[in-house]
Structures are given as structure tokens and as C-alpha cells.
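J.: So the sequence lines, in the order shown, correspond to chains A and B.
Using the numbering used here, read the first sequence as starting at 5 and increasing by one per residue.
Using the numbering used here, read the second sequence as starting at 10 and increasing by one per residue.
All C-beta atoms, glycine included, are put in the ideal place defined by N, C-alpha and C.
Fair warning: this is a prediction, and the values are worked out from it, not measured in the lab.
First, the structure itself, so that you have it in front of you.
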Amino acid sequence: MWHNLSMRMVVFFLLCVNSATVVASDVHAGVAANFATTFKVLKSRFEMETGYTIIESRGSSGKLYAQIRQGAPFDVFLSADAALPLRLENEGLAVKGSRFSYALGRLVLWSATDKNVAHGEAVLRRGAFRHLALANPKIAPYGAAAKQALVTMDLWEIVQGNVVYGENVAQTYQFVATANAELGFVALAQVLSKSNAAATRVWEVPQTYYQPIRQDAVVLNRAKHNRAATQFMRFLKQPAVREVIEQTGYGVP
Amino acid sequence: MSLTSIDLSPIFLTLKLAGLTTVVLLLVGTPVSWWLSRTQRRWKPAVEAVVALPLVLPPTVLGFYLLLAFGPQGWIGAPWQQLTGSALSFTFTGLVIASVLYSLPFVVQPLQGTFEAIGHKPLEAAACLRASPVDAFFSICVPMAVRGYVTAAVLGFAHTLGEFGVVLMVGGSIPGKTLVLSISIYEHVESLDYATAHALSAGLLAFSFVVLLAVYVVNRRFRYRIA
């Protein structure tokens with residue numbers, strides 16, 4: 005009886021190990037937080053088309069970069085900027101020639117409550133708000149773009165006392181969604197992913213007000229000979245896929 | 010990277026937050042832990058469990074609910090707004106409230122233990138000598154509980170120093186108001202300024218060690234004196 009039980013446990017254990025190898029992924033992607041919802045769509049489409057599986061780790065690009073430098077097991081890196089993939093390439097951690105822009109970020113001013121936000125610049129200038137949320141310009145590309153836009157509009161000095169910082173654009177969205185901040189600069193993709201009602205309370209910041217948010221992807225060294233990873237990068241460049249990226253709130257280069 | 014170029018205001022802000030939180034915690038924690046050490050009520054375990062929750066909950070859970078509660082329609086934020094005319098989220102006051110909740114078990118649990126160890130006898134003796142309960146508490150229990158108070162104060166202080174997740178979620182990282190040391194370190198790491206992150210982290214590590222060491226040294230001395 006005892007023998008029987010321990011045998012069963014061994015079998016059970018082997019089954020666990022075995023199923024774990026079955027679900028092992030073919031591509032492990034590090035994905036910038038702002039691209040998460042779009043990535044979800046692309047991931048299921050890629051998996052359907054190719055039979056490969058992807059797992060993703062989300063985070064701010066800076067954190068993902070630091071993890072990659074410390075040997076994180078990522079095959080591809082989809083950054084929120086162009087600088088970090090370039091840096092990885094220069095440091096010899098990414099495959100040379102694999103780097104390209106998969107999306108251009110679109111910055112919007114958004115409010116969870118106030119429809120007037122569509123008047124954009126005028127609402128900011130009137131200053132009838134307590135808190136304006138930005139992603140931290142020092143660490144988040146969307147934050148840097150928001151600050152640039154405010155400087156362009158000659159508003160930075162005026163609103164600075166009312167600015168609160170999210171550590172990334174996802175947290176900035178959270179501040180606005182919970183109405184703790186009346187206004188906030190977030191990514192268009194975030195607003196579109198929620199509801200149609202949310203999409204009526206936005207003002208898209210003219211793209212001439214800020215440096216383009218070029219979001220680059222790169223293949224990392226460990227995936228040099230990973231076919232699934234190379235195929236995923238090709239997938240991102242397909243016209244049909246670029247269309248999806250565009251529909252979910254990005255520009256495509 | 011020279012030390013002089015590092016912005017030191019997060020350090021002072023953090024000390025101020027931890028200090029103020031500790032004072033509030035000792036004031037709030039004393040009656041709570043006294044009640045817990047004396048009561049026989051049926052819901053005592055429930056109160057104990059609530060007090061201990063911040064020990065096991067991820068700070069993101071506490072931070073998320075506080076963010077909702079602090080909002081203009083939130084159950085803390087709305088009355089606060091009416092009372093004071095100002096918001097709680099993204100303010101220093103909001104951080105103090107969050108820190109008090111977050112560090113509550115670190116103050117209540119050692120105090121409760123100390124009060125339980127004192128037992129009923131000293132108070133009964135005081136009552137026989139016609140001391141009022143309040144008088145007995147302050148002239149007998151508090152002096153006897155010094156060790157517990159030192160431990161509680163230091164743990165509450167040190168735990169608030171290291172607070173991160175909750176502050177990240179309700180603070181908004183405003184320099185001089187809510188940008189505390191742990192957040193500042195995080196931002197330096199994120200912006201790949203590892204040198205400054207190192208300097209600040211090493212400072213916090215050393216400071217925390219010294220504080221804890223002081224508690225254990227002091228506790229040892231008191232143990233001999235009281236026993």
C-alpha cells in the first residue's frame with residue numbers, strides 16, 4: 005500500500021515535470037508597459053499562425069534593460085524608446101542588425117471625468133485642476149514627451165506646481181482612472197483599450213509638440229539562433245500586423 | 010559622482026515621515042494594544058488579524074485600496090475634502106496616514122506582548138494603594154513597558170523608512186512633498202544612474218543596521234535591569 009502510494013507520487017511528479025516541458029515557450033519577450041494591450045492581441049495572433057508560444061514579461065523599459073544586463077532570459081526586447089535597444093546593441097548584448105522601430109507612440113491628454121479635456125491646450129491654460137499626472141520624465145519616454153509638449157506650449161512653468169508623477173505610463177493612467185488626478189498625459193493605446201466613453205475624453209497632443217516616441221525592438225544574443233524569435237520580429241513588420249498596431253493607438257514608421 | 014551633487018531632500022523627508030508616523034503610531038497603538046492585552050471579548054482574534062494584515066498583504070494591495078479611498082469620491086477622500094478643502098492623495102498627510110496603517114503591526118504587536126507580560130498583579134497592587142487606573146497605567150505600566158516601547162518605536166520607524174510600494178502608489182513622487190528615499194533610489198536605478206542609487210542605498214543600509222543594532226543593545230541592558 006505504502007509502496008503503491010509512493011509510486012503514485014513519483015508518477016504524479018513525472019507528469020508535472022513533463023507537462024512543464026510541454027508548456028515551455030519558444031519566445032520570451034520583454035515588453036514595455038505601454039505596449040501591453042496591443043501585445044496581447046499580437047501574441048495570440050502569432051501563436052495561432054505559427055504554433056509557437058510566447059511568454060511576456062512586462063515592465064518599464066529601464067527595468068527590463070537592467071534585467072537583461074543581469075542575464076534575464078529574454079529573447080526579444082520591445083522597448084518604449086529607441087535609446088535602450090541601441091545601448092544593448094552597443095554593449096554587445098543584442099544581435100546587430102536586428103533593431104527596428106515597431107511603433108510610434110501617440111501622446112494624449114486624458115481625463116476620467118471631464119469632457120472639456122477635448123479642448124486640450126485651453127483646459128491646461130485655464131488651470132482649473134488640482135493635479136496633472138505625467139509619467140516621470142527622467143525614466144519614462146511618455147513622460148519626457150509630455151514635459152516637452154508642456155514646454156512647447158509655454159505651460160511647463162505654470163503647471164509644474166500641480167504635476168504628480170507616475171513611475172511609468174501605466175501608473176499615470178491609474179492616477180487619472182481613479183480620479184485622484186483630474187488630467188493626465190498617457191498613451192493613446194491605453195485609452196483606446198478601455199471603452200468608447202473613455203476615448204471621448206481625450207485630446208491628442210499634436211505630434212509637432214514633442215520628439216517622436218520611437219519604440220524599437222531588438223533580438224537579444226541568447227536568441228541568435230532562435231527561429232521563433234526571428235520569425236516574431238518578421239511578423240511585427242507584416243503590413244497586416246502593422247495595421248493592428250495602428251488600430252490599437254500607435255503610429256507605424 | 011560626488012556626494013555633494015546628490016539631492017538630499019528625500020532623506021530629510023523620509024526621516025520626517027518616519028518620525029511623525031512613529032509618534033502617531035505610539036499614540037494610536039497604546040490604547041489598541043492595551044485593549045488587546047486585557048480583553049476577553051470574542052472578536053479579539055478578529056481585531057488581531059486586522060492589525061496583522063499589513064504584514065502579509067502585498068503593499069500594492071494596500072496602496073491600490075488607499076488610492077481608491079483617497080480619491081475625491083473615496084470613503085476617506087470625500088469627507089477629508091469637505092473637512093479640510095484639500096486632497097489626500099499626493100500629499101504628505103496622505104503618506105502619514107498610509108504609513109500608519111502600513112506599520113501598525115510593528116508597533117501594536119510588541120506593545121501588546123509587553124503589556125501581557127506585565128500581567129494583572131502590579132495593577133491590582135496599585136489599586137489596593139488607591140491609585141486610579143489612569144495613574145496606575147502611567148506610573149506603573151508605562152515604566153515597566155519601556156523595552157516594549159523602544160522596540161515598538163524603532164520597528165515602526167525603521168519599517169516606515171523602508172516603505173516603498175504604498176508610497177509609490179499614492180505619493181505621485183513630488184519633490185519635497187512625497188518623493189521619499191526609497192522612491193528616489195528606485196528612480197535613480199530606473200534612469201540607470203547606478204552610482205547615486207548605490208550611494209543612497211548603502212547609506213540606508215548602514216543607517217538601518219545601526220538603528221536595529223542600537224535596539225538590540227539597549228534591549229539587552231534593560232533586560233538585566235528589569236529582571
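Between Gly75/A, Ala185/A, Trp114/A and Val155/A, which lies nearest to Ser199/A when the distance is taken from Cα to Cα?
T.: Nearest option by C-alpha distance: Trp114/A.
J.: Can you round the beta-carbon distance between Pro63/B and Leu113/B to whole angstroms, since I take them to be within the 8 Å contact cut?
T.: Yes, Pro63/B and Leu113/B are in contact; Cβ-Cβ is about 6 Å, under 8 Å.
J.: Does Gln82/B come within less than 9 Å of chain A when only Cβ atoms are used?
T.: Interface residue, yes.
J.: Identify, in the order they occur along the chain, each residue of the same chain with its Cβ nearer than 6 Å to the Cβ of Thr25/A, setting aside the five sequence neighbours on each side.
T.: The predicted position of Thr25/A is uncertain, since its pLDDT is 44 and thus under 50; a value taken from the coordinates is nonetheless stated next. So the list is empty, once near-sequence residues are dropped.
J.: Among the candidates Ala116/A, Ala174/A and Ile162/A, whose CA atom is the shortest distance from the CA of Ala139/A?
T.: Here the closest residue by C-alpha is Ala174/A.
J.: Can you tell me where the beta strand (DSSP E) holding Ile59/A begins and where it ends?
T.: It spans Ile58 to Gly63 - the beta strand (DSSP E) in which Ile59/A sits, taken as one unbroken run.
J.: By a C-beta neighbour count over all protein chains shown, 10 Å radius and 16 as the cutoff for buried, is Pro145/A buried or exposed?
T.: Looking at its Cβ environment, which holds 16 or more other Cβ atoms inside 10 Å, Pro145/A is buried.
J.: Gln215/A and Gly255/A - do their beta-carbons sit closer together than 9 Å?
T.: Cβ atoms of Gly255/A and Gln215/A: not closer than 9 Å.
J.: What does the alpha-carbon distance come out to for the pair Thr205/B and Gly80/B?
T.: About 34 Å.
J.: Can you have a look at Met52/A and say buried or exposed, based on whether 16 or more other CB atoms are within 10 angstroms of its CB?
T.: The residue in question, Met52/A, is exposed, as its Cβ has fewer than 16 Cβ neighbours within 10 Å.
J.: Go ahead and label Asp79/A buried or exposed: buried means 16 or more other beta carbons lie within 10 angstroms of its beta carbon, across all protein chains shown.
T.: Classification for Asp79/A: buried.
J.: Could you tell me the distance, in whole angstroms, from the CA atom of Pro131/B to the CA atom of Phe21/B?
T.: So the alpha carbons of these two residues sit roughly 42 Å apart.
J.: What residues in the segment 162-181 of chain A have a beta carbon less than 9 Å from any beta carbon of chain E?
T.: In summary, chain E is missing from the structure at hand, where the protein chains are A and B.
J.: In this structure, how does DSSP classify Ser182/B when only helix, strand and coil are distinguished?
T.: Looking at Ser182/B - three-state DSSP - the assignment turns out to be coil, as it is neither helix nor strand.
J.: Between which residues of its own chain and Thr117/A is the CB-CB distance below 8 Å, once the five residues before and five after are set aside?
T.: Hits under 8 Å: Ala183, Glu186 and Arg205.
J.: What does Ala96/B reach in chain A if we use C-beta pairs closer than 9 Å?
T.: What Ala96/B touches in chain A: Arg134, His135 and Asn184.
J.: Please look up how many angstroms separate the CB atoms of Arg73/A and Pro89/A, rounded, as I've assumed it's under 8 Å.
T.: Not confirmed; about 13 Å, so no contact.
J.: Which of helix, strand or coil does DSSP assign to Arg50/B?
T.: DSSP places Arg50/B in coil when its eight states are reduced to three.
J.: Taking 9 Å as the threshold (beta carbon to beta carbon), is Tyr146/A in contact with chain B?
T.: Closer than 9 Å: no.
J.: Does the beta carbon of Ile59/A come closer than 9 Å to any beta carbon on chain B?
T.: So, not an interface residue.
J.: Taking only beta-carbon atoms, is Ser64/A less than 9 Å away from chain B?
T.: Closer than 9 Å: yes.
J.: Tell me whether Gln82/B sits in a helix, a strand or coil according to DSSP, three-state version.
T.: Three-state DSSP puts Gln82/B in coil, outside helix and strand.
J.: Contact criterion: CB-CB distance below 9 Å. Does Thr25/A meet it with respect to chain B?
T.: A caution first: Thr25/A carries a pLDDT of 44, below 50, which makes its placement in the model too unreliable to give a value.
J.: Does any C-beta atom of chain A lie closer than 9 Å to the C-beta of Gly86/B?
T.: Closer than 9 Å: yes.
J.: So, do the segment 130-137 of chain A and the segment 27-39 of chain B have three or more beta carbon pairs nearer to each other than 8 Å?
T.: Output reads no: the segment 27-39 of chain B does not touch the segment 130-137 of chain A.
J.: Can you pull out the residues from the segment 113-143 of chain A whose beta carbon lies closer than 7 Å to at least one beta carbon of chain B?
T.: Residues Arg134, His135, Asn140, Lys142 and Ile143.
J.: Of the choices Phe179/A, Ala193/A, Pro243/A and Lys119/A, whose alpha-carbon is the least far from that of Thr41/A?
T.: Of Phe179/A, Ala193/A, Pro243/A and Lys119/A, the residue nearest in Cα terms is Ala193/A.
J.: Whole angstroms are fine: how far does the CA of Glu133/B sit from the CA of Arg230/B?
T.: Roughly 28 Å separates the two Cα atoms.
J.: Can you give the beta carbon distance from Ala84/A to Asn38/A, rounded, assuming they're within the 8 Å contact cut?
T.: Contact flag correct, Cβ pair sits at about 6 Å.
J.: To the nearest angstrom, how far is the alpha carbon of Gln71/A from that of Ala98/A?
T.: Each residue's alpha carbon lies about 13 Å from the other.
J.: Rounded to the nearest angstrom, what separates His207/B and Val189/B at their Cα positions?
T.: If you take the alpha carbons of His207/B and Val189/B, they lie about 16 Å apart.
J.: In chain A, which residues lie less than 9 Å from Gly181/B when you measure between Cβ atoms?
T.: Within chain A, the residues near Gly181/B are His135, Ala137, Val167, Val168, Tyr169, Gly170, Phe179, Asn184 and Ala185.
J.: Please classify Ser193/B: does DSSP put it in a helix, a strand, or coil?
T.: In the structure shown, Ser193/B sits in a helix (DSSP, three-state: H, G or I).
J.: Assuming Phe99/B contacts Thr187/B (C-beta within less than 8 Å), just tell me the rounded distance between them.
T.: So it is a contact: roughly 6 Å between Cβ atoms.
J.: Is Ile192/B near Ser182/B, with beta carbons less than 9 Å apart?
T.: Yes, the pair counts as a contact, with Cβ atoms nearer than the cut-off.
J.: For the segment 80-93 of chain B against the segment 39-48 of chain B, do three or more pairs of beta-carbon atoms, one drawn from each stretch, fall closer than 8 Å, so that the two count as touching?
T.: The segment 80-93 of chain B vs the segment 39-48 of chain B: no contact.
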